[in-house]
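*Asks:* Residue numbers for the sequence shown follow our numbering, so the first one is 123 and each next one is one higher. Beta carbons: idealized from backbone N, C-alpha and C, even for Gly. The structure is given below, and queries will be raised subsequently.
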Amino acid sequence: MELRPSTAGLALAEDFAIARGSRTSQDVVRVEIEHEGVVGRGEAAPIYYRGETVRTALAFLSEEAPGRVGDDPFALEEIGRELARDGREAAARAALDGALHDWVGRRLGMPVWRLLGLGRITPPTSYTIGIDSLDGTRDRARRSRGYAVLKLKVGGADDLDRLEIVRRESPVPIRVDANEGWTLESARELLPALVELGVELIEQPFPAGDVDSFRALRELSPRPPIVVDEGCHDLRDVAAVAGYADAINVKLAKSGGIREAVRMIHAARALGLGVMIGCMVESQLAVAPAAQIGSLADWVDLDGHLLLAEQPFEGLELRDGRVTAPDAPGLGVEPA
Ligand code: MG
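Written out as structure tokens, the structure reads:
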């Protein structure tokens, strides 16, 4: 099995700000595998709070992965275990896991969602409105019409004003994501307004390590469900979340790929947790594997590719606000 890793920079359509900062581009790692004349491709965005960069991801795929993948792309479980031996480089592993699933699907002439025994219809995706001024938020909300759900990034100075503006501009469900940017005091203060405005869920209000604040927030009623993103990466993190929140946000760039993501979802269900499937700012090549398992989620947040200036890969469909994998072999996306 030949591995061809690479990196790419993706330009965003416009400035994107969250509680931790602002950016206009996103670096991703990609890998092509070739075996018996069939090529599979995958991509993921390394996550800085995991200590990963495209440089470390590329080094892992160039220097370590080739000696661990063996020569049978169907051996997904064993390959995944070997690659995850030391738990590092989840994005690199996710890119490779995507390429392997793409290869298997293409080799068998079957979409990955079908190989996994799943449907292709997912819950509608949210479309993300980054942190901006009040006028900027109004403008972004107006331009987001047509999406079935909105996700407002919060954790800035004007959270409540911005939320009220979006509520006035759009009748669709609104989620908020603070990316660890709130304190228990700010959450307490905002909570009655969040309930009144019908906020569907609160994502990662507090720093991942501040479990006490999560527990205190969970005691308040009424309140929207609390979803853990930055605090839940892979299967090992899921059980703890049941002790302080209501749901997990599963992302392949954190889990290391489809197989671990599915294990996380089953564990979450056993623990009574809700499930969101999300992504990073990534191209369709990285969003496609998440779309393949989107039908397992309560909430879907697969808008990474919708935030880009250009589409280097194509094939995903947006149907009634749902990011839908095509009825095509493998991940169903091709270079544009
Ligand atoms: Mg999030």
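Could you say which of 323, 379, 399 and 349 lies nearest to residue 166 if we only look at CA atoms?
*Replies:* Start at 1 with the first residue of the sequence shown, and residue 166 comes out as number 44. Answer by Cα proximity: 379.
*Asks:* For the region 327-338 against the region 297-314, do three or more pairs of beta-carbon atoms, one drawn from each stretch, fall closer than 8 angstroms, so that the two count as touching?
*Replies:* Enough Cβ pairs lie closer than 8 angstroms, so yes.
*Asks:* Does the separation of the CB atoms of residue 235 and residue 450 fall below 8 angstroms?
*Replies:* Here residue 235 refers to the residue found at position 113 of the sequence shown. Here residue 450 refers to the residue found at position 328 of the sequence shown. Against a cut-off of 8 angstroms, the Cβ pair of residue 450 and residue 235 comes out as no contact.
*Asks:* So within the region 147-233, which uninterrupted alpha helix (DSSP H) runs reach at least 4 residues, ignoring any that extend past its ends?
*Replies:* Counting only runs of 4 or more, we get 176-181, 198-205 and 212-230.
*Asks:* Tell me which residues share the same chain as residue 201 and place their Cβ nearer than 7 angstroms to its Cβ, disregarding the 5 neighbours each side in the sequence.
*Replies:* Start at 1 with the first residue of the sequence shown, and residue 201 comes out as number 79. Same-chain partners within the cutoff: 191, 192 and 222.
*Asks:* Considering only their Cβ atoms, is the gap separating residue 128 from residue 137 smaller than 8 angstroms?
*Replies:* Indexing the sequence shown from 1 puts residue 137 at position 15. Indexing the sequence shown from 1 puts residue 128 at position 6. For residue 137 and residue 128, no; Cβs fall outside 8 angstroms.
*Asks:* Just checking my contact of residue 150 with residue 130 at CB under 8 angstroms: how many whole Å lie between their CB atoms?
*Replies:* Locating residue 150 in the sequence shown gives position 28, where the first residue counts as 1. Locating residue 130 in the sequence shown gives position 8, where the first residue counts as 1. Right, their Cβ atoms sit about 5 angstroms apart.
*Asks:* Return the first residue and the last residue of the alpha helix (DSSP H) that residue 434 is part of.
*Replies:* Numbered from 1 along the sequence shown, position 312 holds the residue referred to as residue 434. Residue 434 -> no alpha helix (DSSP H), and no H or E assigned at all.
*Asks:* If I measure Cβ to Cβ from residue 276 and keep anything under 6 angstroms in the same chain, skipping five residues before and after, which residues do I get?
*Replies:* The count along the sequence shown starts at 1 and reaches residue 276 at position 154. Correct list, in chain order: 298 and 300.
*Asks:* Would you check whether ligand 1 has a heavy atom nearer than 7 angstroms to the C-beta of residue 281?
*Replies:* Start at 1 with the first residue of the sequence shown, and residue 281 comes out as number 159. Not so, every heavy atom of ligand 1 lies at least 7 angstroms from the Cβ.
*Asks:* Roughly how many angstroms lie between the CA atoms of residue 174 and residue 384, to the nearest whole one?
*Replies:* Locating residue 174 in the sequence shown gives position 52, counting from the first residue. Locating residue 384 in the sequence shown gives position 262, counting from the first residue. Cα to Cα, the separation comes out at about 23 angstroms.
*Asks:* If contact is defined by three or more beta carbon pairs under 8 angstroms, each pair taking one atom from either stretch, is the region 381-395 in contact with the region 353-368?
*Replies:* Result yes; three or more Cβ-Cβ pairs closer than 8 angstroms.
*Asks:* Select from 259, 154 and 139 the residue whose C-alpha is nearest the C-alpha of residue 282.
*Replies:* As a position in the sequence shown, residue 282 is number 160, starting the count at 1. Of the listed residues, the one whose Cα sits closest to residue 282 is 259.
*Asks:* Residues in the same chain with beta-carbon distance under 7 angstroms from residue 179, minus the five sequence neighbours each way, listed in chain order, please.
*Replies:* In the sequence shown, residue 179 corresponds to position 57, counting from 1. Contacts found: 151, 168, 211, 213 and 214.
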